[in-house]
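Below is one structure; the comments refer to it alone.
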Amino acid sequence: MRKVIFAFVFVVLASIPALAQDDEFPKFELAGTASMLVMDVDVLEGETMWGYGIAGQYNANKWFGIVGEWNAVHGASGPFSFQQNGRIYAVPELDTRTRTLLFGPRFSYRTKPVTVFGHVLVGAGTNKLDDDLGEFNYESFTQWQFAMAFGGGVDINLGKHFAIRPGQFDYLYMDSELQNLYGSSAQGSSNSFRYQLGAVIKF
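Following this line, the structure appears as structure tokens:
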């Protein structure tokens, strides 16, 4: 009987490190990504922009963390035309830029091969249109205005401290009081789709 008890205690004690390892999680995560933003801007009829993102995440436990992220994308719009007051206006190619700074909770489901996560982020964003060619000497930009993102993604773990992020997908809403070439408001907000991929370092 004592042998059975000894064997049982030995198995339990031997399993403790394995159980502790299953509950391990990184306290901090640092991500760098390439970004694609498909932006809904009425006056531009929708634009695709490319750029980068960086994000830092603090994990309170295995499934809950707080993340802050910076994202900047750039593209070219036009040439295009629009009608106003019965007149058609031709617009040259414009340089387009969008930046966002967002914070919020992130919920993660962690396994050894992959980590799946979802988040709700709020913060601010800014847009800019600029006539680089100088034909119209036109520039319009917004002050930092309200922005939020709903989405999530997946990380493929390549070890304890490194992962590849093949996909992060977000719906991005921004207040966007861009001005058109003649001073009237283009729209009050934008609804956009954002895709990111990159790498994650875990501490």
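Convert by adding 42 to the 1-based position in the sequence shown; the result is the number in the working numbering. Beta carbons: idealized from backbone N, C-alpha and C, even for Gly.
If you draw a straight line from the C-alpha of Ala189 to the C-alpha of Ala102, how long is it?
Taking the straight line joining both Cα atoms gives about 25 Å.
Quick one: grab the DSSP three-state call for Ser119.
strand
Is there contact between the stretch 185-201 and the stretch 160-175, where contact requires at least three CB pairs shorter than 8 Å?
yes
For Trp92 and Gly240, what's the separation of their Cα atoms in angstroms?
14 Å
Using a Cβ-Cβ distance under 8 Å, would Lys244 count as near chain B?
This model lacks chain B altogether; it includes just one protein chain.
Quick one: measure Cβ to Cβ for Arg139 and Lys170, integer angstroms, because I've assumed they're closer than 8 Å.
4 Å
Suppose you measure from the CA of Phe211 to the CA of Asp137; what does that come to, to the nearest Å?
25 Å
Taking its Cβ as the centre, do 16 or more other Cβ atoms sit within 10 Å of Ala191, making it buried, or is it exposed?
buried
Could you have a look at Gly201 and say whether DSSP puts it in helix, strand or coil?
coil
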